[in-house]
Amino acid sequence: MNLFADIRALVVASLDQLAAEGVLPAGLSLDAVVVEPPRDPAHGDMATNAAMVLARPAGRPPREIAQALAGRLLADPRIALAEVAGPGFLNLRLAPAVWQGVVHAILTDPGFGRSTIGAGQRVNVEFVSANPTGPMHVGHARGAVFGDALASLLAHAGWDVTREYYVNDGGAQVDVLARSAYERYREACGEAPQIAEGLYPGDYLIEVGEALKAEYGDSLLGKGEDTWLAPIREFATARMMAMIRDDLASLGVKMDVYSSEKALYGSGRIEAALDRLRALGLVYEGVLEPPKGKTPEDWEPREQTLFRSTAHGDDVDRPVKKSDGSWTYFAPDIAYHWDKIARGFDQLIDIFGADHGGYVKRMKAAVAALSEGRVPLDIKLIQLVKLMKNGQPFKMSKRAGNFVTLREVVEQAGADVTRFVMLTRRNDMALEFDFDKVLEQTRDNPVFYVQYAHARVMSVLRRAAEAGIAADDATLAGADLARLSHDAELGLARRLAAWPREVEIAARGNEPHRIAFYLNDLASEFHALWNRGHDETGLRFVQEGDQATSQAKIALARATGVVISSALAILGVTPANEMR
RNA sequence: GGCCCCGUAGCUCAACUGGACAGAGCAGCCGCCUUCUAAGCGGCCGGUUGCAGGUUCGAAUCCUGCCGGGGUCGCCA
16 MNLFADIRAL VVASLDQLAA EGVLPAGLSL DAVVVEPPRD PAHGDMATNA
66 AMVLARPAGR PPREIAQALA GRLLADPRIA LAEVAGPGFL NLRLAPAVWQ
116 GVVHAILTDP GFGRSTIGAG QRVNVEFVSA NPTGPMHVGH ARGAVFGDAL
166 ASLLAHAGWD VTREYYVNDG GAQVDVLARS AYERYREACG EAPQIAEGLY
216 PGDYLIEVGE ALKAEYGDSL LGKGEDTWLA PIREFATARM MAMIRDDLAS
266 LGVKMDVYSS EKALYGSGRI EAALDRLRAL GLVYEGVLEP PKGKTPEDWE
316 PREQTLFRST AHGDDVDRPV KKSDGSWTYF APDIAYHWDK IARGFDQLID
366 IFGADHGGYV KRMKAAVAAL SEGRVPLDIK LIQLVKLMKN GQPFKMSKRA
416 GNFVTLREVV EQAGADVTRF VMLTRRNDMA LEFDFDKVLE QTRDNPVFYV
466 QYAHARVMSV LRRAAEAGIA ADDATLAGAD LARLSHDAEL GLARRLAAWP
516 REVEIAARGN EPHRIAFYLN DLASEFHALW NRGHDETGLR FVQEGDQATS
566 QAKIALARAT GVVISSALAI LGVTPANEMR
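For the first sequence, this note's numbering assigns the number 16 to the initial residue and increments by one for each residue that follows.
Following this line, the structure appears as structure tokens:
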């Protein structure tokens with residue numbers, strides 16, 4: 016059930032009638048007609064721009080069209096008031112029964128808030144994709160939470176979603192990992208480790224060294240890289256991936272698929288992808304111009320293998336091979352995306368750190384070329400997380416290997432709080448994460464505020480039980496909701512009615528933060544009603560001695576709880592039953 | 001210098017993807033409150049949406065050019 020879609024359908028049907036009666040010309044496109052909540056509640060419950068967008072093609076003044084439409088709409092019992100306003104808006108006021116019906120729908124329809132706009136299309140959400148060279152840090156946590164919530168959101172809106180992690184285990188950095196682990200292995204064997212400049216100094220490799228000793232004894236001591244590099248690389252990356260999976264699990268993130276970059280090497284798939292592009296005339300040998308403006312010191316013209324990304328909107332063509340003949344990072348990534356296309360996804364989403372912004376155009380160009388424009392790729396960039404403690408920047412020094420890990424954040428703040436806070440900002444805005452503030456129990460902590468609203472709903476149900484009022488869902492579904500007549504109550508119901516629409520807007524834009532903002536608004540509306548009960552006892556949810564009215568009001572509270580819980584589920588946050 | 005992102009109330013951020021008078025929360029000011037659930041409630045003040053043009057019925061949103069912040073710029077991933 017989506018009330019806005021229902022009313023839009025009514026508007027469209029009415030316009031069709033007007034066309035049939037000759038009031039409007041036949042065959043007008045109604046695509047641009049929208050029904051949405053006005054910014055200003057004084058303008059009514061819903062507004063449509065129909066008259067304005069049709070004025071020009073119909074050759075009639077907008078207000079005249081609006082007037083005719085109003086007459087039609089008023090014939091429907093759901094429409095209580097239809098007023099022409101401003102340049103030709105038609106403002107609608109809906110009958111209380113409509114809002115009461117929303118409460119009933121929430122209590123009886125488990126699919127309330129779900130949508131079918133995804134139409135079962137298969138979408139692949141690739142996120143985190145951190146190098147398997149160490150534990151994940153806060154930045155990764157934000158990407159993980161965002162990707163996971165986006166995936167849930169899309170699933171909620173009718174997409175068939177795959178969560179995927181691209182393991183960057185093929186480049187030079189995993190060799191560095193192997194060398195670093197080897198030193199820790201030597202250390203475990205009683206030798207003095209030499210963590211040279213450029214190796215990973217973090218303590219997390221100590222246990223890997225010990226595990227290596229347990230596995231290999233001292234058989235690798237004193238041997239050259241050619242004997243130990245490959246096996247230790249395997250060993251260490253496997254350990255790192257196990258650690259990363261644990262980290263993700265601590266945040267409640269579970270991937271459907273892990274894809275290995277390394278597996279692409281030697282499989283012929285990189286070559287195949289590039290051959291495909293070459294056949295399209297998009298791979299060639301050529302010389303790049305130096306970057307405009309700032310030319311690097313050591314720049315020298317050099318012929319190399321290039322992808323013609325400029326054919327699909329990039330600014331320059333991009334190399335796929337390094338000067339030593341090995342692939343650039345881009346080459347296997349092209350093959351990887353081709354693989355995703357080949358697996359039949361209708362739509363791809365990549366979630367990158369903001370420092371990869373320069374990579375976006377070439378990746379989109381590659382996907383456009385390989386899918387011949389059939390598979391859209393949306394790339395969401397995740398901005399930095401600024402860690403704070405008591406309003407002071409929380410310093411981290413990655414170089415020293417003692418950066419703040421995802422694990423530490425989750426241990427201090429908890430998974431629910433971490434997730435919620437990281438979703439209260441748009442992905443392309445920097446996020447401040449203050450360890451103290453996120454745990455505060457005050458109004459300006461959105462996590463607390465929303466959880467408190469849910470806890471109050473549960474409290475109402477407990478109180479009803481104490482008062483001997485039946486308040487199970489079946490009973491509430493049969494409550495006499497016509498008793499919900501106060502504007503404060505109907506206002507809350509209006510907010511609940513907006514939920515399905517909010518899901519669709521958020522899903523269409525790949526913007527899970529909208530869910531967090533909606534939750535804040537809904538909680539605010541609920542708290543406001545609760546607080547009015549202080550002075551106006553008639554607005555309290557439990558009305559001593561009046562079971563029927565109590566049940567209607569409790570149904571409203573319960574419906575609010577259901578929607579909060581459903582929205583929190585998309586964000587991957589557990590609703591609180593009581594505050595401690 | 002090229003490209004990408006950001007710039008909105010004193011602060012932190014929204015704005016339904018082009019809709020009406022740009023909204024919340026903090027902070028500030030003025031009242032109220034000692035509780036159906038306690039960590040408060042109501043109201044007021046606060047704006048040239050960085051600047052200047054353009055597109056149109058209508059612009060924070062789209063286009064052009066500037067200003068400021070961040071990121072990035074063949075052989076890192």
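Ideal placement from N, C-alpha and C gives every residue a C-beta, glycine not left out.
Secondary structure in the region 145-194: the alpha helix (DSSP H) runs of 4 residues or longer, each lying completely within the stretch, are 153-171 in chain order. Taking one beta carbon from each stretch, the region 443-453 and the region 573-584 have fewer than 3 pairs nearer than 8 Å; the two do not touch.
For Phe250, the secondary structure class from DSSP, reduced to helix, strand or coil, is helix.
Secondary structure remark: continuous beta strand (DSSP E) runs of at least 3 residues inside the region 410-465, in chain order: 446-449. One Cα belongs to Val462, the other to Ala159, and the distance between them is close to 19 Å. Contact between Ala492 and Leu122 holds: CB atoms are separated by about 4 Å, below the 8 Å threshold.
Taking 8 Å as the upper bound for CB-CB distance, Lys336 and Asp184 are not in contact here, some 20 Å apart. Under the DSSP definition of a beta bridge, Asp393 partners with Ile364. Residue Leu279 holds the alpha-carbon nearest to the alpha-carbon of Trp342 among Gln558, Ile259, Leu279 and Gly368.
For Val99, the CB contacts under 7 Å within the same chain, skipping 5 residues up- and downstream, are Arg78, Ala81, Gln82, Ala85 and Leu105 in chain order. Excluding residues up to 5 positions away in sequence, Val400 and Arg440 lie with their Cβ nearer than 6 Å to the Cβ of Leu446 in the same chain.
Relative to the Cα of Glu504, the nearest Cα in the group Pro527, Trp545 and Ala522 belongs to Trp545. Contact between Val138 and Val176 holds, with the beta-carbon distance rounding to 6 Å and staying under 8 Å.
Around the beta carbon of Tyr299, fewer than 16 other beta carbons lie within 10 angstroms, which makes this residue exposed. For Asn106, the uninterrupted beta strand (DSSP E) run begins and ends at Phe104 to Leu109, by DSSP. Comparing alpha carbon positions, the residue from Cys204, Tyr197 and Glu222 closest to Ile210 is Tyr197. Every alpha helix (DSSP H) of 4 residues or more that sits fully in the region 488-570 is shown, in chain order, as 488-492, 502-512, 514-523 and 528-550. In the same chain as Val578, and ignoring 5 residues on each side of it, the C-beta atoms closer than 6 Å to its own belong to Leu511 and Trp514, in chain order.
Within a 10 Å sphere around the beta-carbon of Ser44 sit fewer than 16 other beta-carbons, which makes this residue exposed.
In this structure, Tyr200 is the residue among Gly368, Tyr200, Gly217 and Leu96 with its C-alpha nearest to the C-alpha of Leu236.
In the DSSP annotation of this structure, the continuous segment of the alpha helix (DSSP H) that includes Arg291 starts and ends at Arg284 to Ala294. Burial state of Gln466 is buried, judged by a 10 Å Cβ sphere holding 16 or more other Cβ atoms. Within 10 angstroms of the beta-carbon of Lys568 lie 16 or more other beta-carbons, which makes it buried. Distance from Val588 to Arg471 at the Cβ level is roughly 17 Å; contact not present, criterion being Cβ atoms closer than 8 Å. Per DSSP, Phe127 is not a residue of any beta strand (DSSP E), being assigned neither H nor E.
Within the same chain, Val26, Val50 and Leu105 come within 6 Å of Thr63 by CB-CB distance, once the 5 residues on both sides are set aside. By the CB criterion at 9 Å, Gly154 and Gly368 fall inside the cutoff. Residue pairing by DSSP places Ser274 opposite Tyr181 in a beta bridge. Only residues of its own chain outside the window of five on either side were considered, and among them Ala34 have a CB closer than 6 Å to the CB of Ala41, listed in chain order. For Arg317, no alpha helix (DSSP H) segment is defined, and its DSSP state is neither H nor E. Look at Glu212 here: in three-state DSSP terms it is coil, with no helix or strand label.
Taking the Cα of Leu69 as reference, the smallest distance to any Cα among Pro92, Ala97, Arg54 and Leu39 is reached at Leu39.
CA-CA distance, Asp190 to Gly217, rounds to 16 Å. Short of 8 Å from the beta carbon of Val48, and not among the five residues preceding or following it, lie these beta carbons of its own chain, in chain order: Arg23, Val26, Val27, Leu30, Thr63, Asn64, Ala65, Val68 and Leu69. One thing to note: Tyr181 has its Cβ within 9 Å of the Cβ of Tyr351. The DSSP-derived three-state label of Glu79 is helix.
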